[in-house]
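To start, the structure itself, in structure tokens.
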Amino acid sequence: MRSALPRAARRCAFSKAQPSGKRRILQFAGPFGLRSSRRSVTVTVDHDTEILAGFRSGDANFKLTLWDPRANGVRYLKALLYRVSGRLSPLDRERLRRTRNRDVGNPITVRHEGDEIDMDYLRAVQEVGFLADRVRLDGARIVEIGAGYGRTCHALIANHDVAEYHIVEQEGSLRLARAYLRAVLEPAQFAKVSFHAA
1 MRSALPRAAR RCAFSKAQPS GKRRILQFAG PFGLRSSRRS VTVTVDHDTE ILAGFRSGDA
61 NFKLTLWDPR ANGVRYLKAL LYRVSGRLSP LDRERLRRTR NRDVGNPITV RHEGDEIDMD
121 YLRAVQEVGF LADRVRLDGA RIVEIGAGYG RTCHALIANH DVAEYHIVEQ EGSLRLARAY
181 LRAVLEPAQF AKVSFHAA
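Position 43 of the sequence shown, counted from 1, bears residue number 43 in our numbering, the numbering being contiguous throughout.
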């Protein structure tokens, strides 16, 4: 019987040995998880792609973001990312280009029309565009609660002359955000950012 899953997804389907010796097949329920015929199963996936170093391509980041490329494989993530990158407006693409140093942390990227694009900053420029259509960002004083490592702050400050940017975050993430933003922003931009422990 031929699987209805795309070829890349079929390559990542699993089977789990049962106590009876039979194997239960697990198939993808969509881009964000697995479906099992009986109960939830935790599955460790071995990929044929090399493990990428950096916090943006590791377990800790995948637990905090809305996507985990291990569910369907890195090829699936890259295909999805490439497809969505083609839908960026010219203004969003300019925002992306103005946001420099996006490669810190070794994110999983695709090259689309000459730009290296990762899922985090693709979402960040769309968020900046959404905000820019609704509020005046130049000269704004911004408070972001739950900023994670600071990608939205990075994209906003790279594209708008904000007066102040306050990040409220848990202490562990706050240390990461401070280090990340210090690495990616110019000193004058970084001076606008204040960090507050939640």
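In this text, a Cβ means the ideal position worked out from N, Cα and C, and glycines have one as well.
C-beta neighbour in chain B for E164, strict 8 Å = Protein chains in the displayed structure number just one, and chain B is not present.
Can you tell me the Cα-Cα spacing of H166 and H160, whole angstroms?
-> 15 Å
CA-CA distance, E235 and R136?
-> As displayed, the chain neither begins before 1 nor continues past 198, which places residue 235 out of reach and without an answer.
Range of the contiguous beta strand (DSSP E) that encloses H196 | V193 to A197
With respect to the beta strand (DSSP E) encompassing D133, which residues constitute its N-terminal and C-terminal limits?
-> First-last for D133: undefined, no H or E at that position.
Using the Cα positions of V184 and D118, report the straight-line distance between them to the nearest angstrom.
-> 15 Å
Please state if the CB of T152 and the CB of E164 are separated by a distance shorter than 8 Å.
-> no
Own chain, CB closer than 6 Å to Q189, minus 5 neighbours either side, in chain order = I157
Option nearest V110 by Cα separation, candidates R141, D133, V84 and A140 = V84
C-alpha gap between A155 and D133, whole angstroms | 15 Å
Measure the C-alpha to C-alpha separation of L52 and G139 and round it to an integer number of angstroms.
-> Summary for L52: the model assigns pLDDT 30, below 50, so the residue's position carries little reliability; its value from the coordinates is reported in the next sentence. The straight-line gap from Cα to Cα measures roughly 38 Å.
L91, buried or exposed, once every other Cβ within 10 Å from all chains shown has been counted against 16 = exposed
Going straight from the alpha carbon of L88 to that of V74, what length do you get?
-> 21 Å
Minimum length 4: unbroken alpha helix (DSSP H) runs contained in the stretch 80-128 | 90-98
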